[in-house]
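Here's the structure, in structure tokens; my notes come after.
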Amino acid sequence: MFWGCEHHHGHHHHAGPRGPRGPFGRGRGGFGGGPPGWWGDWFGGPPLRADRGGVRYLVLDVLAERARHGYEVIQAIEQRSGDTYRPSPGVIYPTLQMLEELGHARVIEADGRKIYEITDAGREDLQANREYVDEFYERFAETSWERFAEDFGDVMKRVGTLMKMLRHAMHRGRITPAVLARTVKVLDKAAAEIEELLAEDPAKRPGRRP
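Residues in the sequence shown are numbered consecutively from 705, following our numbering.
Here it is as structure tokens:
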């Protein structure tokens, strides 16, 4: 069953299956009213991260553009990922030190600051792993919610409209066991079709954005 329907005797709480503060209630994260708090809940999951050992190639990639100090490396990677991935200093600075020890980067002085410059060996290492860097940023481009925020907002508006419609019918006494049973069947069918659509290979979907 797509959405379970619980019947309670006595006082009726017009809330979703996860309670008044669940996805269909009035609290934060619901569609019942107030600001769209669900947005952060939907897109606030664990962010994509670079593989352990793969960060070095991201660092070399930005150093290949120009010499940078640690904080600039962090900023450059964040910018290239569309502000989706920001490596921590605890990851970047040890990586820079490792690259220096490997001879893939060297420290130079510029304006009284220590910055890192890529070496020829570092460029060779980067070239050998260019595919990893390109695929890493492409992965972020595919999963960045900002690209689909407007379209996704349209979907969620329709879900919200559906919940308001059901709540309105409930307040007017138009909800019966028979109506609920038919509604569940409609929703189950729609959910199955959407699940099948989402299971498709994104690269083969018509109208895929470049």
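For each residue, glycine too, the CB sits at the ideal point set by N, CA and C. As the structure is a prediction and not an experimental result, all values here were calculated from the model.
message: I'd like to know if the region 796 to 812 and the region 862 to 871 are in contact, where contact means that at least 3 CB-CB pairs between them fall below 8 Å.
response: no
task: Quick one: measure Cβ to Cβ for Y820 and S785, integer angstroms, because I've assumed they're closer than 8 Å.
output: Residue numbering aside, residue 820 sits at position 116 when the sequence shown is read from its first letter. Residue numbering aside, residue 785 sits at position 81 when the sequence shown is read from its first letter. The pair is not a contact, with the Cβ atoms about 20 Å apart (cut-off 8 Å).
message: Does L806 pass the burial test, meaning 16 or more other C-beta atoms within 10 Å, or should it be called exposed?
response: Taking the first residue of the sequence shown as position 1, residue 806 is located at position 102. Its Cβ having fewer than 16 others within 10 Å, L806 is exposed.
- prompt: When we look at the beta-carbon of I812 and count the other beta-carbons within 10 Å, is it buried (16 or more) or exposed?
  reply: The residue labelled residue 812 in the question sits at position 108 within the sequence shown. I812 comes out exposed.
- prompt: P791 to R876, Cα distance in whole Å?
  reply: Within the sequence shown, residue 791 is the residue found at index 87, counting from 1. Within the sequence shown, residue 876 is the residue found at index 172, counting from 1. Going by the C-alpha atoms only, they are around 53 Å apart.
- prompt: Does any CB atom of chain D fall closer than 8 Å to the CB of T788?
  reply: Absent from the structure: chain D. Only one protein chain is present.
Close Cβ partners of E782 (< 7 Å) along its chain, the five nearest in sequence each way excluded: What you label residue 782 is simply residue 78 of the sequence shown in a count that begins at 1. Taken in chain order, the residues that qualify are Y789 and R790.
query: So, G794 versus A809, is the Cβ gap smaller than 8 Å?
result: Numbered from 1 along the sequence shown, position 90 holds the residue referred to as residue 794. Numbered from 1 along the sequence shown, position 105 holds the residue referred to as residue 809. Not in contact: G794 and A809 (Cβ atoms no closer than 8 Å).
- prompt: What is the rounded straight-line gap between the Cα of I796 and the Cα of T887?
  reply: Residue mapping note: residue 796 aligns to position 92 of the sequence shown, counting from 1. Residue mapping note: residue 887 aligns to position 183 of the sequence shown, counting from 1. Cα to Cα, the separation comes out at about 53 Å.
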